[in-house]
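Visitor: Would you mind keeping the following structure in view while I ask a few things?
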Amino acid sequence: KKFVVENSQFEFKAPVEESAEGTFSFMSKEFSYSANETLQLNLSIRTDKVKIDSKLMVTLYNCSYGRSDCSLCLAAHHDYKCVWCEEDGKPSKCVYEKLCHAPPTNTCPHPKITRIEPKTGPLSGGILLTIMGSNLGIKAEDVKNITVADKECLFKEEFYSVSTRIVCQVGPMNEPKQGQIEVDINGKLGKSPSEVLFTYQKPHPSRIRPESGPQAGGTTLTITGTNLATGSKKDVQVSVGSEPCNVTEFGDEIVCITGPSSKVEAVRVTMNYGGTAIGVPQLFSYSENPTVTKFLPVNSFSSGGRNITVTGTGFELIQSFSLVVHAERPEAGKMNLKSFVGKLVTRLNETTVVFSSPPILEDPENYNITTIILMDHYHLVVKNESHSFAYVADPTFENFTDGIKKQVNKLINAKGSNLNKAMTIDEAQAFVGDEPCNIKTLTETDLYCEPPEVQPQPKKRQKRDTINNLPEFIVKFGLREWILGRVEYDTRVSDIPLNLILPLVLIPMIVIIITSIICYRRKSQQAEREYEKIKSQLEGLEESVRDRCKKEFTDLMIEMEDQTNDINEAGIPVLDYKTYTDRVFFLPSKDGEKDVMITGKLDIPEARRQTVEQALNQFSNLLNSKSFLINFIHTLENQREFSARAKVYFASLLTVALHGKLEYYTDIMRTLFLELMEQYVVAKNPKLMLRRSETVVERMLSNWMSICLYQYLKDNAGEPLYKLFKAIKHQVEKGPVDAVLKKAKYTLNDTGLLGDDVEYTQLTVNVYVQDGGTDSIPVKVLNCDTISQVKEKIIDQVYRNLPCSQWPKAESVVLEWRPGSTAQILSDLDLTSQRDGRWKRINTLMHYNVRDGATLILSKMGISQQPEDNQQDVPGERHALLEDENKVWHLVRPVDEIDEGKSKRGSVKEKERTKAITEIYLTRLLSVKGTLQQFVDNFFHSVLNSNHVVPPAVKYFFDFLDEQAEKHDIKDEDTIHIWKTNSLPLRFWVNILKNPHFIFDVHVHEVVDASLSVIAQTFMDACTRTEHKLSRDSPSNKLLYAKEISNYKKMVEDYYKGIRQMVPVSDQDMNTHLAEISRAHTDSLNTLVALHQLYQYTNKYYDEIINALEEDPAAQKMQLAFRLQQIAAALENKVTDL
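Residues in the sequence shown are numbered from 1 upward in steps of one, following UniProt numbering.
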């Protein structure tokens, strides 16, 4: 047979020849590859077009790479057989020995010196000299001797670099001298050329400036003299007294920054060159630190720009002034410290300095503000015995009505609030166009100024925006300007003589007034009657609205107080890690709670269990091969019948199977992500990435976030989320809830709003639990509650200290009422239920006439709790109950036109009336929103605040997205915002917000779920950059939080910005964090079950996976297809010849 050797990377192919000795060889072509010193070449062997697996890996070596001289060439590893080739007529170079057609040289030319650093040194020596050139030896032992200006230089072996660099420590010299450098490399001498000389010289410092500075240090000290640029910057040290002076500039003048001193004294300045100390003739005096005796004014608006005059002592010592403002939230501490620096400073004299206050945050009242004067290195807080310098929020101005102010009485009035809180009439400025408007009065709410006599022209930059060429009115406080509108001058000219004005104006006015009086007297009586009628109607309406508002407001205040107390007392039932991951990963699957991953039950015969478990462990090892897993995922995703639901389920199985190696899982996810990103970028649709979970990797990301954020949920975000859930549940249960329609009086969802004014009373019932002790438990219920609703409220209260999963179900308990000596079992439907045609009303406490303070007994369902004989259903009654089961109602009865026998016209009117009433009750949404607002805000703040704890996974993944955007040259901030939003808020937080039972041991009622959906939608709206244009036709849910959305949007923007500015999380730190999660929780998960379920996909697409593995060179090399066949044979109990 004939064999062929080939390589796909370089499209190389060559026949294999067999020699007489039985050895095989082939002739390779010349490879052109200059990117590296070595090249790993993977060779495969074919015969008759059949590829034979081979592990033939050849390392090619490029001798000339990075080896430009003889010494570098001969220093190459001897296995590569590189020689320094000197052929006639060709430049000498480093080549493979067989490519040199002349005898190779074993010895190198004389060393060559091209450059030295530094070029000067002190007479005492002691500094390091770096000599650069070529052929400076193959190894450190080759360097025999070094002389500098005929003086021996001590070789420093640790800094040696083959052939190119020698470092030595110069010796002392008696007098200034200049000379060449000479090196001895194995007996071959090399001298520096005449232009490369080293000079021994003596530095002479003569003066310092300034001659004094503050004790705190920070003075920029300049030393002048001759030969100060001796050695290099690292060779010179300066001391002021005993304190080091940090050298910042090195040259003909040495510049350093003084350190602090504990005493007020004059000290000596010393320079040290290579171990020799040289004193400066002048002394430097440390003086007392500056002091501040007075500052005016005492506050500034947050936009800054106010001139602060500071008086004190010692200012002449200071070279650099700045005003620094530190702001920190009281609850966040130093982690949330923000600083603002004002550099605009005017030094009036030795005792007075004027600072311009820097702009800071818009809401200074929410921060602790500290203002500091930074003088060189000295910090001084701006305060006196009575107060500190303060910042106040900027004033607000009202824009002119319709944008134009008529200039009357030669004064212009601007209205606002807090105008003089941090501003005086002398500092404030106002302009009409380009010309100043002279301010006459400034109060808390009004500014009056006198404009120029003649209407000025508008500012040139505003000319295009003006109407009729009117000048704009501008108010300037410090750095901030307000444009309130435009000013229109009264241009009418009063040139008409007075003797004409009287007859032309006064006489017609008198006639008009007389006519008006006559008309008024005729119409007055009729108008008065109409007015009285309308007034009466308005008073009635006003009284009705007032009563309603007062009632709602009172209810709201009481509920807020009760609610906060109740929630603060409750604990937080966070699920354990396994239950949490089961619910997040598998509860949404088609089997729900019965999914095999949640039950953990594998249907395997006991006789085969050990074999199957061994095979699954081998399959686990196979999944830990990156080549196999990437091929596995790609093959599945290429199958048409591999649906989106299957991808989601597959990714969740993979997450559990690889949980023991989350670092590896993250690496796979990253690799797949890069492929996915490439697809979207090539298709020029990067914004669409991560919109859904249509690929395995997108679901892998969801699960990765869920895993990495569990501890964060438990320690930080869990409390505000749980309080929000409890607040909604508490609020919903405060009012009536229709058990059939699933609608409530108190909700955030307009579609779930109870569109009727149901009368109800709150009752407190005393509940005794059978076998639960002798004490009764008071429970608050409503008299309109169904019996099942009452049971749920009782269970909620009685078992509140147990996890919800351990509570009995409402249908498994019996509720018994004992109004006296008799007892009555309460149920939703029985013979006493109210009937009307085919309709039957569910029983309530009101139906049974249960009163406030009643005694109820709760017991487990049993034979003894069956109804009494006189209450037994007759067979016909029971049959009727079953037949009409879907015709029950609770609080609001649906309109049934057939049963009620109403005409079509009457039905339409009824519907219109119902709709109108529903819209009236929409104000309840506002009431509920107001009650819950603090809880909603707290949750948003807990998950969207980069100043609090940010999970490392979030920082790590956001940085990864930023890196990829930069790599693909994506500069559109919207795209990066969408990626981050789709990867964290919409992928994780919205899911947890809509499903609190994923993280807490709670039951989420449909009515509570409806309100959570509104908050989740608000959260989603806050994360988008698109503006939501609201109108009267917008959904009530959107209108409800319209005002807060803009604040929430800013929170999201600030959150992303804050994360970007955080210290990066390294791959090592992230892997350590992931390894800790794996170690802590992997043992509790159903890993074997996940592997078994994953194998089902392998079995289903077996042929396609085997083909993909056989076509992949890396998979061939590791024999992955063969290993999969062995696992398949073991799992499926097949006999195989492999």
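Glycine included, each C-beta is placed from N, C-alpha and C at the ideal position.
1) Are there 16 or more other CB atoms within 10 angstroms of the CB of Ala20, so buried, or fewer, so exposed?
2) Below 6 Å CB to CB, which residues in the same chain sit around Val790 once its five sequence neighbours on both sides are set aside?
3) Quick check on Ser339: buried or exposed, where buried means 16 or more other Cβ atoms within 10 Å of its Cβ?
4) Assign Cys519 to buried or exposed, taking buried as 16 or more other Cβ atoms, counted over all protein chains shown, within 10 Å of its Cβ.
5) Distance, Cα to Cα, Val238 vs Gln215?
6) Give me the DSSP bridge partner(s) of Ser134.
7) With a cut-off of 8 Å on the beta carbons, I'd call Ala229 and Asp252 a contact; round off their distance for me.
8) Threshold first: 4 residues or longer. Then list the alpha helix (DSSP H) segments lying entirely within the UniProt domain "IPT/TIG" (289-392), N to C.
9) Can you tell me whether Ile517 is buried or exposed? The criterion is at least 16 other CB atoms within 10 Å of its CB, across all chains shown.
10) Quick one: residues in its chain with C-beta nearer than 6 Å to the C-beta of Val584, no 5 flanking neighbours on either side, listed in chain order?
11) Secondary structure at Leu1131, three-state DSSP: helix, strand or coil?
12) Within this structure, are the beta carbons of Val143 and Phe159 separated by less than 8 Å?
13) Skipping 5 residues on each side, what residues in its chain have a beta carbon closer than 7 Å to that of Leu688?
14) For Phe586, count neighbouring Cβ atoms within 10 angstroms of its own Cβ and tell me buried if that reaches 16, exposed if not.
15) Suppose the cutoff is 7 Å on Cβ atoms and the five residues either side in sequence are ignored; what does the same chain contact list for Lys2 look like?
16) Given Gln866, which residues of its chain have a CB within under 7 Å of its CB, disregarding the five upstream and five downstream residues?
17) Are the CB atoms of Val392 and His414 within a distance shorter than 8 Å?
18) Distance, Cα to Cα, Leu1012 vs Thr579?
19) Report the rounded CA-to-CA distance for Leu1091 versus Asp1009, giving the unit in angstroms.
20) Pick helix, strand or coil for Gly121, following the three-state DSSP scheme.
21) By alpha-carbon positions, which one of Val324, Phe355, Val269 ends up nearest to Thr309?
22) As a quick exercise: from Ile1077, Val487, Leu623, Pro819, pick the residue whose alpha carbon is nearest that of Leu654.
23) Could you spell out the range, first to last residue, of the alpha helix (DSSP H) harbouring Met700?
24) Go through its chain and collect everything with a Cβ distance to Thr1087's Cβ below 8 Å, but skip five positions before and after it.
25) From the DSSP secondary-structure annotation, give me the bridge partner or partners of His204.
26) For Val936 versus Met1062, is the C-beta spacing smaller than 8 Å?
27) DSSP on Asp1083, reduced to helix/strand/coil?
28) Val596: which of Gln1125, Gln40, Gln1093 sits nearest, CA to CA?
29) Taking only the alpha-carbon atoms, compute the straight-line gap between Pro1035 and Glu1027 and give it to the nearest angstrom.
30) Any contact of the stretch 369-380 with the stretch 312-327, i.e. 3+ C-beta pairs under 8 Å?
31) In this structure, what does DSSP give as the bridge partners for Pro244?
32) Please state whether the Cβ-Cβ distance between Ala651 and Arg699 is less than 8 Å.
33) Can you tell which of Val148, Ser232, Arg207 has the C-alpha that lies nearest to the C-alpha of Lys191?
34) Just to confirm my understanding: we take Phe958, look at its own chain, exclude 5 residues before and 5 after, and list those with CB closer than 6 Å. What are they?
35) Taking DSSP as the reference, what is the three-state secondary structure of Arg905?
36) I think Tyr96 touches Cys63, with their Cβ atoms under 8 Å apart; what is that distance to the nearest whole Å?
Guide: Let's see:
1) The residue in question, Ala20, is exposed, as its Cβ has fewer than 16 Cβ neighbours within 10 Å.
2) The beta carbon of Val790 is closer than 6 Å to those of Val781 in its chain, skipping five residues each way along the sequence.
3) That one is exposed.
4) Exposed: under 16 other Cβ atoms inside 10 Å.
5) If you take the alpha carbons of Val238 and Gln215, they lie about 17 Å apart.
6) DSSP, once it has assigned bridges, lists Lys112 as partnering Ser134.
7) About 6 Å separates the two Cβ atoms, so the contact holds.
8) Look at the UniProt domain "IPT/TIG" (289-392) and you find no whole run of alpha helix (DSSP H) that is 4 residues long or longer.
9) Looking at its Cβ environment, which holds fewer than 16 other Cβ atoms inside 10 Å, Ile517 is exposed.
10) Cβ within range, chain order: Ser706, Phe998.
11) Looking at Leu1131 - three-state DSSP - the assignment turns out to be helix.
12) For Val143 and Phe159, no; Cβs fall outside 8 Å.
13) Taken in chain order, the residues that qualify are Tyr680.
14) The residue in question, Phe586, is buried, as its Cβ has 16 or more Cβ neighbours within 10 Å.
15) These residues qualify, in order along the chain: Pro15, Thr47.
16) Bear in mind that the predicted position of Gln866 carries a pLDDT of just 47, short of 50, making it too unreliable to give a figure here.
17) Rather than His, the amino acid found at residue 414 in this sequence is Ala. Pairing Ala414 with Val392 gives a Cβ-Cβ distance that is not under 8 Å.
18) Roughly 22 Å between the two C-alpha positions.
19) When only Cα atoms are considered, Leu1091 and Asp1009 end up about 35 Å apart.
20) DSSP places Gly121 in strand when its eight states are reduced to three.
21) Nearest C-alpha to Thr309: Phe355.
22) Nearest option by C-alpha distance: Leu623.
23) Where Met700 is concerned, the enclosing alpha helix (DSSP H) starts and stops at 696-708.
24) Only residues of its own chain outside the window of five on either side were considered, and among them Ser620, Val656, Ala657, His659, Gly660 have a CB closer than 8 Å to the CB of Thr1087, listed in chain order.
25) Bridge partners of His204 according to DSSP: Thr226.
26) Their beta carbons are not under 8 Å apart, which means Val936 does not touch Met1062 by this criterion.
27) Correct three-state label for Asp1083: helix.
28) Gln1093 is the residue among Gln1125, Gln40, Gln1093 whose C-alpha sits nearest the C-alpha of Val596.
29) Take the alpha-carbon of Pro1035 and the one of Glu1027: they are about 15 Å apart.
30) As far as the Cβ criterion goes, the stretch 369-380 touches the stretch 312-327, which means the pair count is three or higher.
31) When DSSP reads this structure, Pro244 sits in a beta bridge with Ser239.
32) Annotated as proximal: Ala651 and Arg699, with beta-carbon spacing under 8 Å.
33) For the set Val148, Ser232, Arg207, the Cα lying nearest the Cα of Lys191 is the one of Val148.
34) Result list for Phe958: Lys980, Ile1059, in chain order.
35) With a pLDDT of 44 at Arg905, under the threshold of 50, the modelled position of this residue cannot be trusted, and the question is left open.
36) Contact between Tyr96 and Cys63 holds: CB atoms are separated by about 5 Å, below the 8 Å threshold.
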